[in-house]
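Residues 4 to 255 in the working numbering are what the sequence shown spells out, letter by letter.
Report on the structure given below.
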Amino acid sequence: MDKKIFTVLLFSLVTRVIYLFFDKNIWWDAAVYLAMGEHIATFGQLGFWEPIRPLLWPFLLSYAFLFELNPIILGHIFSTFFSLGVIYLTYFIAKKLFNEQTALLSSILLSFTWIFFLFNARLYTEIPAVFFGLCAYYFFLQEKHFETGLCIGLAFLTKFPMGILLVILGLFSIRKIKNTFYLLAGFILITVPYFMFNYLAYGSPIEILFFAQEFLKYAGIWIFQEPWWWYLFALIKENVLFFFAIPGTVFA
């Protein structure tokens with residue numbers, strides 16, 4: 004591994020570990036995932052179940068309850084691993100597409116962008132989902148379409164909206180039927196157990212996905228909605244250097 008990216012990863016790890024000692028809050032969704040992990044580990048005896056949630060993250064957290072470990076600490080270990088993985092994949096992909104200087108700068112900007120740094124301590128699904136999404140893109144660049152499909156499936160099982168990658172990368176593979184076949188085969192292979200579980204538990208492999216979408220309409224999320232322009236300023240507030248992406252995009 005290159006010394007420069009190793010230094011970035013090491014500094015990212017140290018700062019994240021230090022931050023965990025100061026931010027010990029467990030937010031609502033994280034508590035749900037932990038409870039679902041306990042529910043899985045105890046075969047429904049403890050914890051509780053929310054069927055609208057993707058299952059990969061609770062499944063990983065269930066190992067803490069199976070082996071009588073601290074689930075919060077294990078969750079932070081997993082989350083930090085995925086966070087460092089996202090940073091490294093960002094570096095690796097940017098180096099392949101552009102150059103080492105761009106790759107190094109990209110990894111540093113990502114590592115210390117506040118929302119990305121904060122969510123490392125939240126035990127949410129966003130960082131693991133992005134990790135699997137970047138793995139999918141990495142394999143796509145390597146023209147390994149079966150592995151791409153597998154990783155898209157893992158991203159989908161971590162956070163459902165990540166399934167859009169199947170459509171996006173599928174469109175870029177559609178010129179060759181063989182590539183599309185392998186992409187779909189990988190995705191189906193990894194997601195079949197989930198859809199089979201849905202069928203056995205709820206009587207339909209996909210109805211719960213539509214229920215989840217409908218549920219969100221009445222979950223009070225609308226109180227957080229803002230006009231479209233609000234997000235432009237919010238993005239810059241996360242990292243003021245994002246402002247330079249505007250002229251960079253215009254003059255690239």
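For glycine and all other residues, C-beta sits at the position ideal for the given N, C-alpha and C.
Under DSSP, the alpha helix (DSSP H) around residue i begins and ends at which residues?
i      : result
Lys98  : 74 to 100
Trp232 : 231 to 241
Ser15  : 6 to 23
Thr128 : Careful: Thr128 lies outside any alpha helix (DSSP H) and carries neither H nor E.
Ile43  : 31 to 44
Pro61  : 59 to 69
Gln104 : 103 to 114
Phe51  : Premise fails: Phe51 is in no alpha helix (DSSP H) and is neither H nor E.
Gly251 : 248 to 254
Gln228 : No alpha helix (DSSP H) holds Gln228; DSSP gives it neither H nor E.
Ile211 : 210 to 219
Give every residue of the same chain whose Cβ lies closer than 6 Å to the Cβ of residue i, excluding the five residues on either side of it in the sequence, and list them in chain order.
i      : result
Phe156 : Reading off the sequence shown, one finds Gly at residue 156, where the question assumed Phe. Counting only Cβ-Cβ distances below 6 Å, and skipping sequence neighbours, we find Phe190, Ile193, Thr194.
Ala106 : Tyr94, Ala97, Lys98
Ile211 : Pro54, Asn201, Tyr205
Lys7   : Leu107
Pro208 : Phe198, Asn201, Tyr202
Gly88  : Phe134
Excluding the 5 residues preceding and the 5 following residue i in the sequence, name in chain order all residues of the same chain whose CB lies nearer than 8 Å to its CB.
i      : result
Val11  : Ile90, Tyr94, Leu107, Ser110, Ile111, Ser114
Ile177 : Thr183
Just tell me which of the options has its CA closest to the CA of residue i.
i      : options                       : result
Phe120 : Asn242, Ala67, Thr45, Ala139  : Asn242
Ile21  : Thr252, Phe236, Thr83         : Thr83
Ala124 : Ser86, Leu160, Phe149, Leu92  : Ser86
Lys27  : Phe122, Ile239, Pro196        : Phe122
Lys162 : Trp60, Phe46, Val253, Leu37   : Trp60
Leu126 : Glu217, Ala248, Gly251, Trp31 : Trp31
Phe143 : Trp117, Gly173, Thr116        : Gly173
Tyr36  : Leu63, Gln48, Phe24           : Leu63
Leaving aside the five residues before and after residue i along the sequence, list all residues of the same chain whose C-beta is less than 7 Å from its C-beta, in chain order.
i      : result
Ile158 : This sequence places Ala at residue 158; Ile is not what is there. Closer than 7 Å at Cβ, skipping near neighbours: Ala132, Phe135, Gly136, Ala139, Met165, Leu168.
Tell me whether residue i, by its Cβ, gets closer than 7 Å to a heavy atom of the ligand FMN.
i      : result
Ile130 : Looking at this structure, you won't find the ligand FMN or any other ligand, since it has none at all.
4 or more residues per run - each alpha helix (DSSP H) lying fully within the stretch 146 to 203 | Counting only runs of at least 4 residues, the stretch 146 to 203 fully encloses the following alpha helix (DSSP H) elements, listed from N- to C-terminal order: 148 to 161, 167 to 176.
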